[in-house]
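Chemist: Numbering (the working numbering), first residue to last: 3 to 621.
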């Protein structure tokens with residue numbers, strides 16, 4: 003069929019109008035799928051109008067590429083709609099579930115996501131999903147009914163290449179620009195990533211986070227300067243008279259929530275009673291660490307403690323520090339290896355999750371044991387129980403303690419991983435006594451969570467009894483990885499009248515990220531364990547915990563960075579989410595010149611450690 007000139011013109015006009023209408027419709031649907039709804043997002047857009055093109059352009063780029071490939075505006079609208087709306091939908095569901103937005107790097111974690119999905123209570127938003135699919139189906143129906151003349155293939159290739167070229171150019175120039183990103187939402191904390199995504203638009207924030215776990219290079223960084231620091235800060239290592247076996251246990255979602263005044267427990271009924279009893283011993287020190295994440299991000303706390311580098315200092319957008327480890331880097335396990343220790347790691351999760359098997363090899367763990375070897379292990383609910391973890395660990399220690407070498411071991415539990423419905427354990431645990439009334443759903447979440455805390459505490463007590471039965475000197479380091487996410491938008495916390503997130507005082511912000519820690523010496527090590535030498539305040543940042551243990555066990559001189567941390571910890575023990583606590587306990591959101599120097603040294607050391615430093619220990 004031969005088209006007349008007026009027909010071609012008419013077709014071009016229809017195409018342009020259709021694409022413009024589709025662009026506007028897709029922009030609105032993406033905003034409507036935003037977590038929290040569209041109203042606050044539009045209010046932010048009105049205040050900061052540059053957010054409109056920053057969010058609209060990626061949608062237009064996807065739409066035009068689809069058009070140049072398919073040649074039909076309606077088919078392009080349907081395809082682009084499914085792409086951008088389904089990505090927005092995944093962000094909505096993930097944010098609902100974990101208070102953690104969807105970023106490009108998550109696409110490479112499909113296997114982890116599928117396996118983990120069964121452990122969460124998912125609000126699938128069926129109505130939203132049905133609407134997305136229906137809109138896509140309508141567009142494809144229109145494409146079948148209204149056939150338009152395709153541009154010549156040469157034009158379509160040129161068009162697609164031009165759009166992709168503009169998009170690729172915009173990524174480093176616009177979407178990766180820290181200077182452009184930082185002013186957006188000036189009243190927002192950059193570390194409150196879910197809130198930034200919600201208010202500043204998913205398309206823009208998603209693309210800003212496209213770089214897989216970047217390591218931010220500090221302003222003015224000089225490799226030679228850090229090398230000079232390393233020489234100046236290096237101490238001479240003297241092997242201590244007693245080398246204790248050092249056992250780290252990081253406990254899933256372990257927090258002292260039940261100590262809040264709203265709980266009316268008799269002392270011995272508190273799920274944390276065993277922890278309190280051990281902490282009160284003259285063979286122990288306890289307090290809190292401030293971690294990088296709330297509700298998720300277990301691996302980040304592992305990273306902070308073992309490397310001495312805080313996750314939030316890796317880059318403004320980093321959400322999973324293990325993903326920046328692609329080669330051996332200096333960390334505590336290497337240091338202890340160099341001092342003559344055997345190193346051992348165990349976790350009842352899968353070896354591929356968080357790429358732990360490779361990461362722990364890069365961190366210096368000689369032996370790594372995962373779920374695959376926990377054959378016939380007891381489960382409580384869907385997870386391997388803390389009791390099974392204790393049995394496995396104690397059996398392994400039976401073989402390793404008392405050998406030619408002292409042991410540096412690190413274990414991570416899994417039982418108390420979210421979610422917390424009654425179906426997790428198959429029964430309704432005892433409800434906690436409260437001074438207030440909360441909804442049935444909140445009580446369900448809370449009681450199941452506290453049942454897990456009770457089991458974790460029982461496991462801790464059994465471990466300490468086991469260690470006291472051994473003749474070898476043992477130091478136990480026990481702590482939680484993060485506070486639990488108890489419902490969407492801090493639901494349980496809000497109903498209990500506790501902290502509500504990152505929008506309150508500096509103390510409230512810190513409380514959001516606090517978990518308890520315990521340093522405990524068995525009877526054989528207690529006479530040689532000098533806790534007082536550490537000058538430990540009640541609260542420290544998680545990246546200082548490993549450094550404190552390093553110092554306590556006589557490791558000074560094996561690693562210049564950890565030697566440096568000994569000093570920096572005393573001047574600025576808490577650095578977290580824009581809040582700083584100095585050596586006197588003073589809390590501030592502003593820093594002095596001397597504190598800025600501490601932060602500068604940490605930032606330069608971080609980059610040197612991850613990018614430039616040769617492996618100086620072990621292998």
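Cβ coordinates follow ideal geometry from the N, Cα and C atoms, glycine included.
Between which two residues does the beta strand (DSSP E) containing residue 347 stretch?
Modeler: Per DSSP, residue 347 belongs to the beta strand (DSSP E) from 344-348.
Chemist: Among 442, 430, 223 and 70, whose alpha-carbon lies nearest the alpha-carbon of residue 155?
Modeler: For residue 155, the nearest C-alpha among the options comes from 70.
Chemist: Quick one: grab the DSSP three-state call for residue 482.
Modeler: Of the three classes helix, strand and coil, the one that applies to residue 482 here is strand, per DSSP.
Chemist: Are residue 409 and residue 346 closer than 8 Å when you measure CB to CB?
Modeler: A contact, by the Cβ cut-off of 8 Å.
Chemist: Can you tell which of 127, 75, 45 and 451 has its C-alpha closest to the C-alpha of residue 16?
Modeler: That would be 75, whose Cα lies nearest to the Cα of residue 16.
Chemist: Tell me, please, whether the segment 419-430 touches the segment 238-248 by the rule of three or more beta-carbon pairs shorter than 8 Å.
Modeler: In short, these stretches do not touch, since the Cβ pair count stays below three.
Chemist: Give, in chain order, every unbroken run of the alpha helix (DSSP H) that is at least 4 residues long and sits entirely within the segment 245-303.
Modeler: For the segment 245-303, whole alpha helix (DSSP H) runs of length 4 or above, ordered along the chain, are 275-281.
Chemist: How big is the Cα-Cα spacing for residue 523 and residue 323?
Modeler: Rounded to whole angstroms, residue 523 to residue 323 spans 30 Å at the Cα level.
Chemist: How would you write the range of the beta strand (DSSP E) that residue 41 sits in, first residue to last?
Modeler: Looking at the DSSP string, residue 41 is not in any beta strand (DSSP E); the run it does join, the alpha helix (DSSP H), is 41-49.
Chemist: By how many angstroms is the C-alpha of residue 13 removed from the C-alpha of residue 23?
Modeler: Taking the straight line joining both Cα atoms gives about 15 Å.
Chemist: For a test of the three-state rule: what should DSSP assign to residue 504, helix, strand or coil?
Modeler: Low local confidence applies: a pLDDT of 47 at residue 504 is under 50, so the model's placement there is unreliable, with the coordinate-based value given in what follows. Residue state, collapsed to three classes: coil.
Chemist: So, helix, strand or coil for residue 610, using DSSP?
Modeler: Helix, per DSSP.
Chemist: What is the DSSP secondary structure of residue 369, counted as helix, strand or coil?
Modeler: Residue 369: strand per DSSP, three-state reduction.
Chemist: Thinking residue 212 and residue 173 are a contact (beta carbons under 8 Å), I'd like their distance in whole angstroms, please.
Modeler: With 8 Å as the limit, residue 212 and residue 173 qualify as a contact, their Cβ atoms being about 7 Å apart.
Chemist: Assign residue 81 to one of three DSSP states: helix, strand, or coil.
Modeler: DSSP places residue 81 in helix when its eight states are reduced to three.
Chemist: Just how far apart, CA to CA, sit residue 268 and residue 452?
Modeler: One C-alpha to the other measures close to 15 Å.
Chemist: If we ignore side chains and look at the alpha-carbon of each, how far apart do residue 412 and residue 447 end up?
Modeler: Approximately 29 Å, taken between the alpha carbons.
Chemist: Express the C-alpha separation of residue 396 and residue 468 in angstroms, rounding to a whole number.
Modeler: Each residue's Cα considered, the two are about 8 Å apart.
Chemist: Which value, in whole angstroms, describes the spacing of the CA atoms of residue 609 and residue 617?
Modeler: Near 14 Å, if we compare the C-alpha coordinates of residue 617 and residue 609.
Chemist: Does the Cβ-Cβ distance between residue 499 and residue 264 come in under 8 Å?
Modeler: A contact, by the Cβ cut-off of 8 Å.
Chemist: Could you tell me which of 496, 64, 148 and 611 sits nearest to residue 439, measuring between CA atoms?
Modeler: Cα-wise, what sits closest to residue 439 is 496.
Chemist: If I'm right that residue 166 touches residue 67 with Cβ under 8 Å, what's the distance once you round it to whole angstroms?
Modeler: That pair is a contact at about 6 Å.
Chemist: Whole angstroms are fine: how far does the CA of residue 490 sit from the CA of residue 65?
Modeler: Rounded to whole angstroms, residue 65 to residue 490 spans 33 Å at the Cα level.
Chemist: Would you report the Cα separation of residue 163 and residue 52, rounded to the nearest angstrom?
Modeler: Approximately 26 Å between the Cα atoms of the pair.
Chemist: Please report the distance separating the alpha-carbon of residue 624 from that of residue 30.
Modeler: Since the first residue of the chain shown is 3 and the last is 621, residue 624 is not available in this structure.
Chemist: Run through DSSP, which three-state label would residue 149 get?
Modeler: In the structure shown, residue 149 sits in coil (DSSP, three-state: anything other than H, G, I, E or B).
Chemist: Tell me the residue span of the beta strand (DSSP E) that contains residue 516.
Modeler: That run of the beta strand (DSSP E) goes 516-523.
Chemist: Does DSSP put residue 602 in a helix, in a strand, or in coil?
Modeler: Residue state, collapsed to three classes: helix.
Chemist: Going by C-alpha to C-alpha distance, which of 280, 615, 351 and 383 sits closest to residue 428?
Modeler: The residue with the shortest Cα to Cα distance from residue 428 is 383.
Chemist: On the three-state DSSP scale, how would you describe residue 127?
Modeler: Note: residue 127 maps to coil in three-state DSSP.
Chemist: Among 150, 399 and 573, whose alpha-carbon lies nearest the alpha-carbon of residue 603?
Modeler: Here the closest residue by C-alpha is 573.
Chemist: To the nearest whole angstrom, what separates the beta carbons of residue 592 and residue 526, a pair I think is in contact under 8 Å?
Modeler: Not quite, the Cβ-Cβ distance comes to about 46 Å (not below 8 Å), so this is no contact.
Chemist: If you draw a straight line from the alpha carbon of residue 210 to that of residue 175, how long is it in whole angstroms?
Modeler: So the two alpha carbons sit approximately 11 Å from each other.
Chemist: Can you tell me whether residue 504 is buried or exposed, with buried defined as 16 or more other CB within 10 angstroms of its CB?
Modeler: For residue 504, the pLDDT reaches just 47, beneath the cut-off of 50, and the residue's location in the model is therefore unreliable, leaving the point undetermined.
Chemist: For residue 385, which three-state DSSP category applies?
Modeler: Here residue 385 sits in strand by DSSP.
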